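Colleague:
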Amino acid sequence: MPPPVVVNLAPAALRLSPRRLTPVRVSLPSPAATLRAKFLMECLSDLKKSLIKRGLNLLIQNGKPEDVLPSLAKQFGAHTVFAHKETCSEELLVEKLVIKGLQQVVMNNSSPKLQLVWGGATMYHVDDLPFTPQSIPDVYTQFRKSVESKCSVRSCCKLPVALGPLPRREMEEFGGWVTVPSLEDLGLHDSKCDRGMLFVGGESAALGRVYEYFWKKDLLRVLGSLLDVFLQDMSMKR
Numbered sequence: 001m002p003p004p005v006v007v008n009l010a011p012a013a014l015r016l017s018p019r020r021l022t023p024v025r026v027s028l029p030s031p032a033a034t035l036r037a038k039f040l041m042e043c044l045s046d047l048k049k050s051l052i053k054r055g056l057n058l059l060i061q062n063g064k065p066e067d068v069l070p071s072l073a074k075q076f077g078a079h080t081v082f083a084h085k086e087t088c089s090e091e092l093l094v095e096k097l098v099i100k101g102l103q104q105v106v107m108n109n110s111s112p113k114l115q116l117v118w119g120g121a122t123m124y125h126v127d128d129l130p131f132t133p134q135s136i137p138d139v140y141t142q143f144r145k146s147v148e149s150k151c152s153v154r155s156c157c158k159l160p161v162a163l164g165p166l167p168r169r170e171m172e173e174f175g176g177w178v179t180v181p182s183l184e185d186l187g188l189h190d191s192k193c194d195r196g197m198l199f200v201g202g203e204s205a206a207l208g209r210v211y212e213y214f215w216k217k218d219l220l221r222v223l224g225s226l227l228d229v230f231l232q233d234m235s236m237k238r
C-alpha cells in the first residue's frame, strides 16, 4: 500500500516568521506575513482538493522534516522518500538532516532513501542548461539569450487519472486526514489588502490567471508604465 503524500508545514512556518518579514525588533507579524500565510494555505487547500479528485489525500504535519519524514517512512514501510531538490543553504541543510534521520530507520536490513527530483521552481531543467550551475552568467540578458537559443523547455509530466488507494489503518496514529490550518491556527488574523495586487493561491487559480492574461485579455502585447506597477494586469516588457 503506497504511503500518503506529505506536506510538512515547518518550512511554511519558517517563511512566515516575523523575523523573516519584519525587523527583528518588531514583535508583531506584519501584514505581509498574513497575506503570505493566506496564500500558502490556499495553495495547500487547492492541492488537497486536487489529490482527493484522484483518489489520494494530503497529510499535513507540523514539525521538523528530519523528525516527521523518518517517522512516516517507518510507519508506512516506505523505502523511498521523494522531494524537490533545493538550492539555498538552509534547505540544503534540511536535506542533510533528513538523510541522517532516514539512516536511523532500519527496515529489513536497510534504510529509506531520500530521492531528490529537480522541478517545480524553474522553467528549465538544470540538466538541460548549456552551462554548469557554477558558471551561470551573472547578467540575465546573457543567460536568456543562451537558453533561448540552445535549450528547450521540457514538457510537463502527465498526471495519472487515479493515484490511490489511500492508506487507512496507519492514519489513525497521525490523527487522520486533518484539514488545512486557518490563519487563526497559525496565530494570525485576516487583513484586507487595500492596494496593490491580490492573488489567490493554488494551481487552479494560477492556471486560470494564465488563461485570462494570455488568451482572454491578450495582455502580452500591452505595455505598462512605472505608474502602473501596482496594477494586476500591468506589463513592464521593454
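The numbers in UniProt numbering rise by one with no breaks, and the one at position 103 of the sequence shown is 103.
C-beta atoms are modelled at their ideal positions from N, C-alpha and C, and glycine is treated no differently.
Please read these numbers as outputs of a predicted model, since none were measured by experiment.
1) With DSSP as the reference, identify every bridge partner of Q115, one or two as the case may be.
2) Return the first residue and the last residue of the beta strand (DSSP E) that Q61 is part of.
3) Count the other C-beta atoms from every protein chain shown that fall within 10 angstroms of the C-beta of M123, then say buried if there are 16 or more, exposed otherwise.
4) Among the residues of its own chain, which have a CB less than 7 Å from the CB of V200, if the five just before and after it don't count?
5) Does the distance from the C-beta atom of G77 to that of G164 stay below 7 Å?
6) DSSP on R20, reduced to helix/strand/coil?
7) Leaving aside the five residues before and after R221 along the sequence, list all residues of the same chain whose C-beta is less than 7 Å from its C-beta, in chain order.
8) According to the Cβ coordinates, are P137 and K150 closer than 7 Å?
9) How big is the Cα-Cα spacing for R25 and V139?
10) Would DSSP call S204 helix, strand or coil?
11) For N57, count neighbouring Cβ atoms within 10 angstroms of its own Cβ and tell me buried if that reaches 16, exposed if not.
12) With a threshold of 7 Å on Cβ separation, who are the neighbours of R144 within its own chain once the five nearest residues in sequence on each side are excluded?
13) Below 8 Å, how does it come out for the stretch 92-111 and the stretch 65-77: are there three or more Cβ pairs, yes or no?
14) Looking only at its own chain, which residues have a Cβ that is under 6 Å from the Cβ of W177, when we skip the five neighbours before and after it?
15) On the CB-based measure, 16 or more other CB atoms within 10 Å of its CB, does Q142 come out buried or exposed?
16) Starting from the Cα of H79, find the closest Cα among F39, P112, L44 and A205 and give me that residue.
17) So, are the CB atoms of Y213 and L219 less than 7 Å apart?
18) How many Å lie between L97 and K217 at the Cα?
19) Between the alpha carbons of A37 and N62, how many angstroms are there, rounded?
20) Considering only residues of the same chain and omitting the five flanking positions on each side of P133, which have a CB-CB separation below 7 Å?
21) How is M41 classed by DSSP in three states: helix, strand or coil?
Modeller: In this structure, then:
1) F82
2) L58 to Q61
3) exposed
4) E42
5) no
6) Confidence in R20 is poor, its pLDDT being 38 and thus under 50, which makes the residue's placement too unreliable to answer from.
7) none
8) no
9) Any reading at R25 is ruled out, since the residue's pLDDT is 32, under 50, leaving its predicted position unreliable.
10) helix
11) buried
12) none
13) yes
14) N57
15) exposed
16) P112
17) yes
18) 47 Å
19) 15 Å
20) V126
21) helix
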